[in-house]
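Residue numbers (this note's numbering): 304 to 665.
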């Protein structure tokens, strides 16, 4: 199994030590449970179904012989995909990438209402939902175990250590490049919280508790409205936000300057529009990943590609204004609610929630 943050030489495939993303020596690596590939992925926009037959249920098996129930979220260790299968009860399931074999990881029915936020790091899964973050270990064995990493079943707002901290409405958990810090997008408290992994010390990083608006500036002066999903790329954190009119935005935290800005998005009456920066629009951002160069956004029923240097937004695959089930290429492809997306070393994978399938984009 490829461990999180294990750098792999692009030249010869040999295991090597972790290097920063700014290193002149190209290294592919897994950060925040997604594969950062040297130079990004080369995708033609071809979509195939790799698991699930569209029938409701949970049946282990290979490819379309497996049955998947309302899959949400997606993360990878390089060898397997992991997702939440049916948020109630909320089982965690996995698929071996090389064989498309689907099997169970853990019955998470006692978890804190897990939704779609799941992150792989260092042989463990971190699953957020409601007011806490849970850590699952031994995930490739028959005896996976669960412990509370931070927060509790009680909502609130308290900076503290581990289970003494309080959250309200935990969204995506994102790690920095060396995984010394986890950032938590806290949807209902309008915050980004910071967790030092070694001590599990939780502090407030950006936003103001209970102050819902979209304001750019320093992290302390910034305001978040309804932030949910995010990724880490080149010492910047990109996250989705939504204002009171349901307008969708991609915002950026520059961790070198600790400033928040808006990368893309404007009010287009809940329609998706290709364009640059504030001339681009999204229907409903429901997942986000990166291949180490570009962002990929699960935008309701299509996948959008974002160049973070130019802020150019284009539609990669899917019909943003329609839904259904159809493999193929480009905008002829049909999805029915993309609720998770992740990059591997050679492809994107998505959880197609209402089609009850795992789809692959090459």
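Even for Gly, the Cβ is constructed at its ideal location relative to N, Cα and C.
Item to check | Contact check, residue 583 vs residue 535, beta carbons under 8 Å | outcome: Taking the chain shown and counting its residues from 1, the one referred to as residue 583 is at position 280. Taking the chain shown and counting its residues from 1, the one referred to as residue 535 is at position 232. No, Cβ-Cβ distance for residue 583 and residue 535 is not below 8 Å.
Checklist entry - Using DSSP with H/G/I as helix, E/B as strand and the rest coil, what is residue 502? => result Counting from one through the chain shown, the residue named residue 502 turns up at place 199. Three-state DSSP puts residue 502 in coil, outside helix and strand.
Checklist entry - When you compare only the Cα positions, how much space is there between residue 406 and residue 524? => result Translated into the one-based positions of the chain shown, residue 406 becomes position 103. Translated into the one-based positions of the chain shown, residue 524 becomes position 221. Looking at the two C-alpha atoms, the distance is approximately 46 Å.
Checklist entry - Residues in its own chain within less than 7 Å of residue 602 by CB, not counting five upstream and five downstream? => result What you label residue 602 is simply residue 299 of the chain shown in a count that begins at 1. The answer, listed in chain order, is 575, 585, 586, 587, 588, 623.
Item to check | 6 Å CB neighbourhood of residue 619 in its chain, flanking five on each side removed | outcome: In the chain shown, residue 619 corresponds to position 316, counting from 1. Cβ within range, chain order: 348, 606, 608.
Item to check | Own chain residues within Cβ distance below 6 Å of residue 627, not counting five before or after | outcome: In the chain shown, residue 627 corresponds to position 324, counting from 1. Cβ neighbours of residue 627 beyond the five flanking positions: 637.
Next on the checklist: Under 8 Å, with one C-beta from each stretch per pair, do the segment 337–346 and the segment 640–653 reach the 3-pair mark?
Outcome noted: yes
Checklist entry - Does the beta-carbon of residue 499 have 16 or more other beta-carbons within 10 angstroms, so that it is buried, or is it exposed? => result Counted from its first residue, the chain shown places residue 499 at position 196. Label assigned to residue 499: exposed.
Checklist entry - In this structure, what does DSSP give as the bridge partners for residue 476? => result As a first step, residue 476 is located in the chain shown; it is residue number 173 there, counting from the start. Paired residues: 487.
Item to check | Three-way DSSP call (helix, strand, coil) for residue 634 in this model | outcome: As a position in the chain shown, residue 634 is number 331, starting the count at 1. Here residue 634 sits in helix by DSSP.
Next on the checklist: So, with DSSP's three-state summary, where would you put residue 511?
Outcome noted: Locating residue 511 in the chain shown gives position 208, where the first residue counts as 1. If DSSP states are grouped into helix, strand and coil, residue 511 belongs with coil.
Checklist entry - In whole angstroms, what is the alpha-carbon distance linking residue 483 and residue 477? => result Taking the chain shown and counting its residues from 1, the one referred to as residue 483 is at position 180. Taking the chain shown and counting its residues from 1, the one referred to as residue 477 is at position 174. Cα-Cα distance, rounded: 11 Å.
Checklist entry - Buried or exposed: where does residue 473 fall if 16 or more other Cβ atoms within 10 Å of its Cβ makes it buried? => result For the purposes of this step, residue 473 is identified with residue 170 of the chain shown, where counting begins at 1. Buried.
Checklist entry - So, is residue 359 buried or exposed, given that buried needs 16 or more other C-beta atoms within 10 angstroms? => result Translated into positions along the chain shown, residue 359 becomes position 56. Residue 359 is exposed by the Cβ-count criterion.
Checklist entry - Do residue 661 and residue 408 have their C-beta atoms within less than 8 Å of each other? => result Here residue 661 corresponds to residue number 358 of the chain shown, with the count starting at 1. Here residue 408 corresponds to residue number 105 of the chain shown, with the count starting at 1. Contact: no.
Checklist entry - Run through DSSP, which three-state label would residue 447 get? => result On the chain shown, residue 447 is found 144 positions in, with the first residue counted as 1. Coil, per DSSP.
Item to check | Outcome for residue 512 when other beta-carbon atoms lying within 10 angstroms are tallied against a minimum of 16 | outcome: As a first step, residue 512 is located in the chain shown; it is residue number 209 there, counting from the start. By the neighbour-count rule (16 or more Cβ atoms within 10 Å), residue 512 is not buried but exposed.
Next on the checklist: In this structure, how does DSSP classify residue 408 when only helix, strand and coil are distinguished?
Outcome noted: As a working note, residue 408 is residue 105 in the chain shown. Residue 408: strand per DSSP, three-state reduction.
Next on the checklist: Quick check on residue 616: buried or exposed, where buried means 16 or more other Cβ atoms within 10 Å of its Cβ?
Outcome noted: Along the chain shown, read from residue 1 onward, the residue named residue 616 stands at position 313. Residue 616 should be labelled buried.
Checklist entry - Which residues in the same chain have their Cβ closer than 6 Å to the Cβ of residue 555, if we skip the five residues on either side of it in sequence? => result One-based indexing of the chain shown puts residue 555 at position 252. Taken in chain order, the residues that qualify are 539, 541, 564, 566.
Checklist entry - Rounded C-beta distance between residue 462 and residue 453? I'm assuming under 8 Å. => result If you number the chain shown from 1, residue 462 lands on position 159. If you number the chain shown from 1, residue 453 lands on position 150. 11 Å between Cβ atoms; not a contact.
Checklist entry - DSSP on residue 581, reduced to helix/strand/coil? => result Position 278 of the chain shown, counted from the first residue, corresponds to residue 581. Looking at residue 581 - three-state DSSP - the assignment turns out to be helix.
Next on the checklist: In this structure, how does DSSP classify residue 309 when only helix, strand and coil are distinguished?
Outcome noted: Along the chain shown, read from residue 1 onward, the residue named residue 309 stands at position 6. For residue 309, the predicted structure reports a pLDDT of 32, less than 50, and the residue's modelled location is therefore unreliable. A value from the coordinates is still provided. It is coil, neither helix nor strand.
Checklist entry - Under a Cβ-count criterion, where at least 16 other Cβ atoms within 10 Å of its own Cβ denotes burial, should residue 560 be classed as buried or exposed? => result Start at 1 with the first residue of the chain shown, and residue 560 comes out as number 257. Burial call: exposed.
Item to check | Closest by C-alpha distance to residue 599, when choosing among 332, 419, 343 | outcome: If you number the chain shown from 1, residue 599 lands on position 296. Taking only the C-alpha atoms, the option nearest residue 599 is 343.
Item to check | Contacts around residue 557, its chain only, beta-carbon distance under 7 Å, and the 5 residues preceding and following it disregarded | outcome: The count along the chain shown starts at 1 and reaches residue 557 at position 254. Excluding positions up to five away in sequence, the list reads 539.
Checklist entry - What whole-angstrom Cβ distance do residue 568 and residue 581 have, given they're in contact under 8 Å? => result Your numbering for residue 568 matches position 265 in the chain shown. Your numbering for residue 581 matches position 278 in the chain shown. Correct: roughly 7 Å between the Cβ atoms.
Checklist entry - Are the CB atoms of residue 386 and residue 421 nearer to each other than 8 Å? => result As a first step, residue 386 is located in the chain shown; it is residue number 83 there, counting from the start. As a first step, residue 421 is located in the chain shown; it is residue number 118 there, counting from the start. Yes. Within cutoff.
Next on the checklist: Once DSSP output is grouped into helix, strand and coil, what is the label at residue 564?
Outcome noted: In the chain shown, counting from the first residue as 1, residue 564 sits at position 261. Residue 564: strand per DSSP, three-state reduction.
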